[in-house]
Structures are given as structure tokens and as C-alpha cells.
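Working notes, beginning with the structure itself.
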Ligand code: B12
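Residue numbers (this note's numbering): 4 to 224.
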């Protein structure tokens with residue numbers, strides 16, 4: 004049953020079925036959408052991380068692949084994002100629930116030229132849920148904006164997100180600008196096209212495929 008719901012939730016994300024009321028896509032009219040199915044899975048005791056990895060990310064990957072091969076277009080990505088956010092609204096309280104202690108501050112943002120914010124927002128939720136204060140600079144963030152935030156919060160970590168191969172170059176520029184001014188600041192990077200090799204090349208302090216992996220690293224270092 005859980006497996007079927009996860010599969011259906013991945014379909015809701017991929018095809019942009021936001022909630023039961025949503026008329027789109029027409030063949031799913033009247034059926035539950037991403038919002039209701041996520042709620043049901045949580046109420047059945049399915050772990051939020053499991054829902055994220057086994058359904059939400061799967062749906063986003065699939066629509067991304069279709070887009071990459073010309074079978075889907077920008078409006079399809081936008082409606083999939085809307086469904087993703089409808090699901091994330093239910094996960095948010097679970098990710099944020101542990102925010103009692105203050106372990107430090109992380110300045111985070113999606114780098115200049117890049118408007119993808121879903122991964123960055125997940126990073127914020129998970130960090131806050133694990134006791135970190137997040138200073139979220141949003142998307143399309145320049146090196147100057149990161150440096151200004153660091154002046155205000157000098158002992159912070161920095162988390163950079165990039166989803167485009169083109170904006171990975173800006174991630175390199177931003178990392179170098181921060182390290183030039185503040186060599187001791189730890190910079191962590193993430194986003195679908197990244198790798199540890201890229202992290203090493205640009206002189207950042209760690210690539211993590213998910214925010215949970217970054218948290219695990221910080222707990223042990
Ligand atoms: C949704 C989406 C969009 C939406 C974004 C909506 C939004 N509010 O974010 C819209 C429609 C706006 C969009 C626009 C574009 N997109 Co787009 N998009 C996607 C899609 C389908 C999903 C991205 C996503 O949200 N995934 C879900 C989240 C949760 O995953 P994530 O961001 O990777 O984050 C996870 C991890 O990476 C990690 N993480 C992320 N950041 C960080 C940071 C740190 C520090 C850590 C530790 C972890 C971490 O944590 C998250 C959870 O595990 C991807 C396909 C894909 N597979 O990624 C294409 C994709 C990224 N887009 C692509 C393209 C080409 C574009 C456009 C250029 C299209 C165009 N012609 O205009 C524009 C660019 C606009 C811009 N300037 O940014 C390409 C990029 C190709 C490339 N090689 O660069 C992709 C790969 C699609 C494809 N297959 O071609 N897009």
C-alpha cells in the first residue's frame with residue numbers, strides 16, 4: 004500500500020497534480036494530488052526522508068529527464084514545482100521540528116544566474132530542523148551579497164546551491180571571492196550537477212548530495 008502511494012505521489016509530482024481540487028491533468032481529475040497523498044503517507048507513519056527520496060525526488064527527476072529530451076516544457080516544470088511545494092508544505096513541520104538548540108549560523112543561497120530554489124529551500128528546512136540558524140539570501144545571489152551577509156554574520160558557514168552547468172561557474176567565482184576575503188569560512192556546495200571533484204576543483208569545503216548528508220558531516224566534524 005505504502006509502495007503504491009509512493010509511486011502515485013511520484014506521478015503526481017511528475018505530472019503536476021497539485022491537490023484533489025486541481026483540474027490538471029484532466030485524466031487525474033477528482034483524484035487525490037501531491038498534497039493529500041503526502042499527508043496520507045505521513046499519517047501512515049512513512050518517514051519524511053523516505054517520502055522525499057522515494058517519491059518527490061523521483062517525480063522531479065522524471066520531469067527533468069522529459070524536459071531534457073524535449074518531451075516536456077517550462078510550464079510542465081513549473082506545475083511539477085507547484086506540486087513539489089504542495090508536498091513540501093506537509094514535510095516542513097517534520098524537518099523543522101528539532102530547532103531547539105542553536106548550533107551556529109549558515110548563510111545560504113542559490114548562486115547568481117540561477118533561479119532554482121526547491122533544493123535550497125529544503126536545505127534551509129533541514130538545517131533549521133537540526134538547530135542551525137539559516138540566513139537565506141534567496142536565488143540569483145551574487146558574491147557581493149554573500150560577502151555582505153558574512154560581514155553581518157562573520158562566524159557563519161556558507162551553503163551554495165546550483166542546478167545549471169552554466170551557474171556552476173558562478174559558484175566557483177563566489178567560492179573564490181569568499182575565500183579571498185575570509186579564508187577560514189567553510190563553504191559547502193550542493194545541487195544536482197555537482198560532485199566532490201567539482202568541490203575540490205573550486206576550493207570549497209565539501210559537496211553533499213543532500214542536506215541530511217551535510218548535517219551528518221557537521222555532527223561528526
Ligand atoms: C523544477 C525545475 C525548474 C523550475 C524551477 C522552479 C523552482 N522554483 O525552483 C523552472 C521552470 C523555473 C526551471 C527553469 C530552468 N531550468 Co530547470 N529544472 C527543474 C528540474 C525539473 C527540477 C529541479 C528541482 O527542483 N529538483 C528537486 C530538488 C529538491 O533537487 P535539487 O535542487 O537537486 O536539490 C537536492 C540536492 O541537490 C541537494 N542540494 C541542493 N542544493 C544544495 C546545497 C547544499 C549546500 C547541499 C548540502 C545540498 C543541496 O538537496 C536537495 C535535496 O536532496 C531540473 C531537473 C533535475 N533533475 O534537477 C531541471 C533542470 C535543472 N533545469 C534545466 C534548465 C536547462 C532550465 C532552464 C535553463 C530552462 C530554460 N530554457 O529556460 C531554466 C533556468 C532558469 C534559471 N535561470 O535558473 C536543466 C539544467 C541542464 C544543465 N545541464 O544545466 C535541468 C537539469 C533539466 C534538464 N534535464 O535539462 N527549472
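For glycine and all other residues, C-beta sits at the position ideal for the given N, C-alpha and C.
| Asked | Found |
| --- | --- |
| Residue 179: CB within 7 Å of a non-hydrogen atom of the ligand B12 | no |
| Backbone CA spacing between residue 124 and residue 87 [nearest angstrom] | 12 Å |
| For residue 29 and residue 72, the rounded distance between their alpha carbons | 24 Å |
| When 100, 204, 167 and 150 are compared against residue 159, the one with the closest alpha-carbon | 150 |
| Under 8 Å between C-beta atoms of residue 9 and residue 89 | no |
| For residue 210, the three-state DSSP class (helix, strand or coil) | strand |
| Residue 12 vs residue 41 beta-carbon contact at 8 Å | yes |
| Cβ separation of residue 116 and residue 164, assumed to be a contact under 8 Å, to the nearest whole Å | Not really, about 12 Å apart at Cβ, beyond 8 Å. |
| Alpha carbon of residue 67 to alpha carbon of residue 60, nearest angstrom | 10 Å |
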